[in-house]
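K.L.:
So, in structure tokens, the structure goes:
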């Protein structure tokens, strides 16, 4: 279980915002925690998976996509803020993510 | 309900322009969109020419489609979406004011163009780029439409089939509005070598603009074109209720199959003639009313011979009084998009009372003796016009358009 530092939190947030700004041709400064990924940014569900791949490489994470899938079904993501929180949990708990629901 | 189906919007992307006005101007002036192939190095191919959509279209489409979505589409899919947006804009439709469950999208799609020529294909977008349902799907996503949404593949008749099925869905009251059309490009080495092996393509590479010469003695195969054509079909009642600018009436159609051969049309144009006959019956149009035929006119030996025979078989002596022209002489054969693009040309011909020519008509074939509107456009009052589409595998379609008498 990785310890989440303030530095990690800032880093994750920066990566997520930069990713959506680039992919969705949006103004990064306009993207907030409440921004809807689909309604406001015309984003898609694949973007979440692409971000996971980015974070898996960056933090050398041991997590399977099916684990994330099972967790995401119970905790659907609609906003940027929810997505950032989910990424933090993935980094922190990796393959033990589902234990959070027990 | 009047039971009539009308066309309230059209959009086109082609070698002769990617807006309706430029496209029509170039066609009216008898210009050719055929050039040396620039999409890949065709020097080793027997055919080295095609009617490509201008390169500037890329930048134009990128200004209309967001990067994320554009990256999940092929160049051809982007052509389709741009043509659809043009058509919707022209129609004046505001889908937020419509019952979206009664809005359909039907596209003729032979392939999506995800060939070796397509750029930036990766593991992550290859499925999206290859899905043959992607074109209607992207259109419905664009407008959040909730009605029937599907692709039809009947080779070169695909988008004519899409229009025909769309008309039927309106007539049987399944939907009020159909976005119908198609897009295609087979300008890639695999398809060109494949069609060359079937002796279907012209190899008259020099000069490129003279290669497509339908109905002439020197025709030696079709020239590949690419592009997209999209029409907005509506019930007349619906269009009138929202004061839409009605471009034309889609009066009838026939879709048939020949059950004969995977490549060759039925002997003496028998299947083509049956299709034209059925379309006239479906439209309730008398043969004497037909003013113009936009031919399938591929510039192949068999099509042009049999299509001419079919027209004579249906119309008898009157066939000599009906001008017949081939748009493929200018824009090449756009395969899955041909039915829609040529349907649009037929509508524009009716609207403007102007028949676009068969260019490169310099060496008449003595066996083919109809009026092919040689080389220059011609004015004529057009009340009823037909558009023919005939595909490999024996898929035939004829659409019947009528000048709209109302607004």
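Chains as they are written, first to last, in our numbering: chain A, 147 to 248; chain B, 7 to 413. Even for Gly, the Cβ is constructed at its ideal location relative to N, Cα and C. Predicted model only: the values in this text are computed from it and were never measured.
1. From B/398, B/202 and B/135, pick the residue whose C-alpha is nearest to that of residue 123 of chain B; which is it?
2. Examine chain A for any beta-carbon lying closer than 8 Å to the beta-carbon of residue 72 of chain B, and answer yes or no.
3. Consult DSSP for residue 221 of chain A and reduce its assignment to one of helix, strand or coil.
4. Given a limit of 7 Å on CB to CB distance, which residues of the region 159 to 181 of chain A reach chain B?
5. In three-state DSSP terms, what is residue 205 of chain A?
6. How about the region 197 to 215 of chain A and the region 228 to 239 of chain A: do they share at least three Cβ pairs that are nearer than 8 Å?
7. Whole-angstrom Cβ separation of residue 115 of chain B and residue 342 of chain B, contact assumed at under 8 Å?
8. Of all Cβ atoms in chain B, is any one closer than 8 Å to the Cβ of residue 215 of chain A?
9. Could you tell me which whole beta strand (DSSP E) segments of length 3 or greater appear in the region 142 to 230 of chain B?
10. What number of angstroms, rounded off, separates the C-alpha of residue 93 of chain B from the C-alpha of residue 99 of chain B?
11. Does the Cβ-Cβ distance between residue 231 of chain B and residue 339 of chain B come in under 8 Å?
12. Looking at the ligand GTP, does it come within less than 7 Å of residue 293 of chain B, judged from the CB to the closest heavy atom?
13. Confirm, please, whether the CB-CB distance from residue 234 of chain B to residue 40 of chain B is below 8 Å.
14. Quick one: which chain A residues come within Cβ less than 9 Å of residue 414 of chain B?
15. Do residue 236 of chain B and residue 90 of chain B have their C-beta atoms closer together than 8 Å?
16. DSSP three-state call for residue 407 of chain B: helix, strand or coil?
17. Within 10 angstroms of its Cβ, does residue 379 of chain B collect 16 or more other Cβ (buried), or is it exposed?
18. So residue 400 of chain B and residue 218 of chain B are in contact, right, with Cβ under 8 Å, and what is the actual spacing, rounded?
19. Rounded to whole angstroms, what's the CA-CA distance from residue 194 of chain A to residue 226 of chain A? Just pull it up for me.
20. Terminal residues of the continuous alpha helix (DSSP H) containing residue 286 of chain B?
21. Can you tell me whether DSSP reads residue 124 of chain B as helix, strand or coil?
22. Measure the Cβ-Cβ separation of residue 229 of chain B and residue 57 of chain B and say whether it is below 8 Å.
23. What is the C-beta distance between residue 278 of chain B and residue 329 of chain B, in whole angstroms, given that I count them as a contact (C-beta under 8 Å)?
24. Return the chain-ordered list of same chain residues with a C-beta closer than 8 Å to the C-beta of residue 308 of chain B, the five sequence neighbours on each side being excluded.
25. With residue 263 of chain B as the anchor, note down where its beta strand (DSSP E) starts and where it stops.
26. In terms of DSSP beta bridges, what is residue 361 of chain B paired with?
27. So, with DSSP's three-state summary, where would you put residue 86 of chain B?
28. Relative to the alpha-carbon of residue 306 of chain B, which residue among B/141, B/71, B/43 and B/334 has its alpha-carbon at the smallest distance?
29. With a Cβ-Cβ cutoff of 8 Å, do residue 113 of chain B and residue 157 of chain B count as a contact?
30. Taking 8 Å as the cut-off, decide whether the C-beta atoms of residue 166 of chain B and residue 405 of chain B are in contact.
31. Would you check if the region 207 to 224 of chain B and the region 355 to 375 of chain B touch, i.e. whether three or more CB-CB distances between them fall below 8 Å?
32. Start and end of the beta strand (DSSP E) containing residue 393 of chain B?
33. Quick one: any contact between the region 168 to 188 of chain B and the region 96 to 110 of chain B, if contact means 3 or more CB pairs under 8 Å?
34. Hey, how far is the Cα of residue 120 of chain B from the Cα of residue 64 of chain B?
P.N.:
So, from the listed chains and residues:
1. B/135
2. yes
3. coil
4. 169, 170 and 171
5. helix
6. yes
7. 6 Å
8. no
9. 155 to 158 and 183 to 191
10. 9 Å
11. yes
12. Of the ligands one can find in the structure shown there are none, so the ligand GTP has no counterpart to examine.
13. no
14. Because chain B spans 7 through 413 in this model, residue 414 of chain B falls outside it and cannot be assessed.
15. yes
16. strand
17. buried
18. About 23 Å; that fails the 8 Å criterion.
19. 10 Å
20. 276 to 289
21. coil
22. yes
23. Incorrect: roughly 18 Å between the Cβ atoms, too far for contact.
24. 270 and 271
25. 254 to 263
26. B/384
27. helix
28. B/334
29. yes
30. yes
31. yes
32. 390 to 397
33. yes
34. 16 Å
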